[in-house]
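Structure, as structure tokens:
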Amino acid sequence: MIRIEGLRKTFPTRGGPVTAVDGVDLTVAEGQVFGVVGRSGAGKSTLLRCVNLLERPDEGRVTVAGVELTGLPERHLRRARQDIGMIHQHFALLHSRTAAGNVSFALEVMGVPRRKRAARVEELLDLVDLTDRADAYPAQLSGGQKQRVGIARALASRPRLLLSDEATSALDPDTTGAILTLLRDLTRRLGLTILLITHEMDVVKRLCDAVAVMRDGRFVESGPVADLVNRPDSQLARDLFPLGPVPTMPDHVLVDVTLTGRAGDDVVATLARRHDLDVRIVAGAVEQLAATRAGRLRLALPEAAPGLAGALHDLRGAGLTVEAAR
Ligand SMILES: Nc1ncnc2c1ncn2[C@@H]1O[C@H](COP(=O)(O)OP(=O)(O)OP(=O)(O)O)[C@@H](O)[C@H]1O
């Protein structure tokens, strides 16, 4: 659905040029939810704005649904952009219009005749479960309801691709959960593809099939969530399942074990029974994510135990990532 090749964008600033996106390649398959994560200033927003060419890249190609947008003249670009919906952190609603009016506005811009608009607005508000608030103004809506209006408006043109710019960052955890459930549901019902940027690990856990970790304008890790989490030295695994500072435990070896799928369910039992090790769980979490079940455990094992080396070897042999705790 999306193919980005060699994307580069530099901004001139008073302090000299700032390269926001520094050679990014990205492929997002149809129906996939792809998340780009990274700290503030990593280049996420610029990358997203380059996908619908709100920002013109200096170099590289952007192809969406088989159309190379970077090769289109401005007048064709406007039409192509209509097939790409976008939702924003602060909703970007018109305050003088009701929920229905905001959705209708998108249809007006597209040139949908008045007599067809009302039915389509109703359909869109129903899709986001907001029919009963159709006549409310943004000031009368909660954050979650405002984002539902934003989603309905973004879907007005029946896009196959939705771009999401920190769509849940201004919402509380419960509301975030409800919006993430809605987005996941919409990908299934409408066959939507979503490219999102976020700094929230919950969004990755609940929504994403694949992820890229962005730093200084580049992707430092990229791929399906299960693959990335399982890679040795994975930044994503550490961000999704932080284990805190490593405690001092004399006479013990501390290891961090990454589990994905069902692999590793029995890691503690295996170490205890088969290798006769006195295992202590120091920290850990295992969760069901949108893409896979995954987690990390920090285990303390007695340094002097004769079975230690063989035990660690067996865990690696069983496909688990085992690393010195850090
Ligand atoms: N229009 C602009 N003019 C000058 N510099 C810019 C512009 N837009 C972005 N930048 C710079 O490019 C870099 C990447 O910014 P960008 O907003 O893409 O990062 P981000 O990862 O989305 O961060 P945040 O989450 O804080 O928005 C930053 O150093 C930023 O200051």
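In UniProt numbering, the protein residues as written are 1 to 326.
We put the CB at the ideal spot given by N, CA and C, even for glycine.
From a predicted model like this one, the values you see are computed outputs, not experimental measurements.
Point to revise | Residue closest to G177, alpha-carbon to alpha-carbon, out of V51, L289, P138 and G319 | key: L289
Exercise for review: Quick one: grab the DSSP three-state call for Q32.
Suggested key: coil
Exercise for review: Alpha carbon to alpha carbon, how far is R148 from D129? Give it in angstroms, no decimals.
Suggested key: 8 Å
Exercise for review: Verify the contact flag: K44, CB atom, against every heavy atom of ligand 1, threshold strictly below 7 Å.
Suggested key: yes
Check your understanding: Closest to L190 by CA distance: which of A154, M214 and G43 is it?
Key -> A154
Exercise for review: Confirm the yes/no value for this check: CB of H275, any heavy atom of ligand 1, distance under 7 Å.
Suggested key: no
Review point. Among all the DSSP beta bridges, which residues are the ones paired with Q288?
Key: R293
Review point. How is A154 classed by DSSP in three states: helix, strand or coil?
Key: helix
Exercise for review: Let me know the secondary structure DSSP gives V246 once reduced to three states.
Suggested key: coil
Point to revise | Bounding residues of the beta strand (DSSP E) (the contiguous stretch that carries R231) | key: Taken as a continuous stretch (DSSP letters only), R231 belongs to no beta strand (DSSP E), as it is neither H nor E.
Review point. Where in the region 80–136 do unbroken runs of the beta strand (DSSP E), each at least 3 residues long, occur, reported from the N-terminal end onward?
Key: 84–88
Practice item. Could you name the residues that DSSP lists as bridge partners for D265? Key: In the DSSP output, where bridge partners are listed per residue, D265 has none listed.
Exercise for review: Could you check the C-alpha separation between A106 and R78 for me, to the nearest Å?
Suggested key: 14 Å
Review point. Can you check whether the CB of L183 is closer than 8 Å to the CB of L207?
Key: yes
Check your understanding: If V33 sits next to I194, beta carbons under 8 Å apart, how far is it from one beta carbon to the other, in whole angstroms?
Key -> 5 Å
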